[in-house]
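Residue numbers (the working numbering), protein chains in the order written: chain Z, 695 to 1078; chain E, 1225 to 1519.
Listed below in structure tokens is the structure:
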């Protein structure tokens, strides 16, 4: 979080969305979306396709007009301000560089439209931006002569050249391969730190959102499922949808038997265990819920050992085992439930499909969650 | 396993039909035969006639390039074709733009109104201008009855009437070609221009318009070549002063029976149009007109 504190000194705009709604042909794309983007922060809108994140971005850009609600930039409503007067920079999914202009002319476009800079000052500014994205040598080329990663950098330079107070990015890395993506993620973070503008970043890639953002807004069916720092979302997801969407997870249908001082006793297909009930979830005995255990919190043992305090355990059979370089991932059938676990490379050698194992985990690593805001069906829709 | 075995064994008992390109070539054959018989052969005959009508000489070509009549007719033709092309491009652009920007029902409606005249025969359309523009035509009657003019205006049998009919005939094609080219412009480019500070007019001028120019050039080329060969329209709506090259060729062939001269003129016209197409293709790539990839 020191990142946002650092950039608070910068020139980023504060953005507030107030109960924004937008429908297409009677179908709500977003419905009552409100959140605040602190000045200079890097905020991601994360969600599956159709969750309304791009609609939200287009409303902030001004390409769409909201049916209801308001957007404030630095406490001033911009609902009636056309896109070209909002002083925003934007990086599009397909880069959208002007094919008939050179790289330098692309980067200089916002300067020609917006500012009354002299020719020389504009040239200087373009050179600065090209240096920032490390493309100084390619100013005279045309976009089609560049690689995808280079076009991406030009799009960044164009979006930032007129020092906009807000930068919108619409799945900017979607078209790049994995290696280049990771490189560009680091690059975008570096540029964000150096220019300090506020960034609203749309992505459906949860790991991208986690690694890059100060704050993540998880969207689902046109509403906000949860807003929080990446760690908060991962460690205390608000509901089963968020838990399922962010990171790898075991989500097991469970019914609450009784809640005690040390935890809450629940019954699953595979057995009865004790789990943690977060304060936000007021569930009475008899209620149904989801039990979340992250695979990396799961310990895999070949022999039963004396049950230690504060741990739970279940016995099952390995049904899947796959090697991922640093870890082995395995699926273990426990009764009718299938649980995912991760083990370190050295331990994986002793495992095999069909082998009986004992899964153990700390009670406080197992959290009970309500189903998604939209109902139990949300779990299925979240998994592609 | 059997599938793999069959695949491996296949080359041994492959028929001629299995060779690449054989089937496509066979499928093209009827079409090629048609073109050869009804297009290439007559063209060859025409070329032969132009050279060998009276002994073997270039006499007919010499006449073509020295006679003041042909110079004048060719000049008239080029002038009429250029003007008609320019007007058609100018008038078609806003319609193509409207088509591009509207969706669904509105686009369908505009397209229907663009195409209805296109489905009507050229002769019928030219005749209808006679009815519209004549001394007792719709326009003159209306003007006289409204008391705007006293005597009928001379709207027929001049450059004006020829041009107006030519442009009307050329418009549907011009609109459709420009529309096709505009559809291929990525509209997020316009959004990108707007978010980076361009007003709607600036976004049009700096992004949409330059990107729509290939379509304008393409339409211009096709329409110009087409208008070089107009025959019915200037014959019905023009005076002898508006005589175009196709009419002259017709007169040479059917009235004067000078087939050699007619063939020579036809051949020169063909060379001119092919040259224009070739030059265009060199610089703008004709592929783009048919939706091919950018160069």
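Virtual Cβ for every residue (Gly too), placed ideally from N, Cα, C.
Query	Result
Jot down the residue ranges of each uninterrupted beta strand (DSSP E) in the stretch 869 to 909 of chain Z, minimum 3 residues, whole runs only, in chain order.	892 to 897
Given that residue 782 (chain Z) touches chain E, what residues does it touch there, using C-beta distances under 7 Å?	1419
Could you confirm whether any beta carbon from chain Z is found closer than 9 Å to the beta carbon of residue 1515 (chain E)?	A caution first: residue 1515 (chain E) carries a pLDDT of 46, below 50, which makes its placement in the model too unreliable to give a value.
Spell out the partners DSSP gives residue 913 (chain Z) in its beta bridges.	Z:918
Identify the residues that DSSP records as bridge partners of residue 1378 (chain E): which are they?	DSSP lists no partner for residue 1378 (chain E).
Please say whether residue 910 (chain Z) and residue 727 (chain Z) have beta carbons closer to each other than 9 Å?	no
Return helix, strand or coil for residue 747 (chain Z), following the three-state DSSP convention.	helix
Would you check if the distance between the CB atom of residue 708 (chain Z) and the CB atom of residue 768 (chain Z) is smaller than 9 Å?	yes
Assign residue 875 (chain Z) to one of two classes, buried (16 or more other C-beta atoms within 10 Å of its C-beta) or exposed (fewer than that).	buried
Are residue 1313 (chain E) and residue 1440 (chain E) closer than 9 Å when you measure CB to CB?	yes
In this structure, how does DSSP classify residue 1003 (chain Z) when only helix, strand and coil are distinguished?	coil
Based on Cα-Cα distance, which residue from E:1419, E:1450, E:1407, E:1485 lies nearest to residue 1324 (chain E)?	E:1407
Strictly by DSSP, which residues pair up with residue 771 (chain Z)?	Z:766
So residue 1412 (chain E) contacts chain Z; which residues on that side make the cut at Cβ distance below 7 Å?	786, 788, 790
Over what stretch of residues does the alpha helix (DSSP H) that includes residue 1278 (chain E) continue unbroken?	Where residue 1278 (chain E) is concerned, there is no enclosing alpha helix (DSSP H), given that its DSSP letter is neither H nor E.
Can you give me the C-alpha to C-alpha distance between residue 1315 (chain E) and residue 1330 (chain E), rounded to a whole angstrom?	19 Å
Starting from the C-beta of residue 1409 (chain E), find all residues in its chain whose C-beta is less than 7 Å away, skip the five residues before and the five after it, and write them out in chain order.	1432, 1435, 1436
By the 10 Å Cβ neighbour count, where 16 or more other Cβ atoms means buried, how is residue 1030 (chain Z) classified, buried or exposed?	exposed
Does the Cβ of residue 1360 (chain E) have 16 or more other Cβ atoms within 10 Å, making it buried, or fewer, making it exposed?	exposed
Looking at the strands, I want to know which residues DSSP matches up with residue 784 (chain Z).	Z:862
Check distances from the C-beta atoms of the stretch 791 to 821 of chain Z to those of chain E and list, in chain order, the residues that come in under 9 Å.	791, 792, 793, 794, 795, 803, 804, 805, 806, 807, 808, 809
At a Cβ threshold of 9 Å, is residue 1274 (chain E) touching chain Z?	no
Distance, Cα to Cα, residue 1517 (chain E) vs residue 1394 (chain E)?	With a pLDDT of 44 at residue 1517 (chain E), under the threshold of 50, the modelled position of this residue cannot be trusted; read the value that follows with caution. Distance between the alpha carbons of residue 1517 (chain E) and residue 1394 (chain E) is about 26 Å.
Measure the CB-CB distance between residue 1310 (chain E) and residue 1454 (chain E) and report whether it falls below 9 Å.	no
In chain order, which alpha helix (DSSP H) runs of at least 4 residues are fully inside the stretch 801 to 854 of chain Z?	813 to 826, 842 to 854
Beta-carbon of residue 1422 (chain E) versus every beta-carbon of chain Z: anything under 9 Å?	yes
Suppose contacts are defined by Cβ-Cβ distances below 9 Å. Is residue 1397 (chain E) in contact with residue 1470 (chain E) by that definition?	no
For residue 856 (chain Z) and chain E, any beta-carbon pair shorter than 9 Å?	yes
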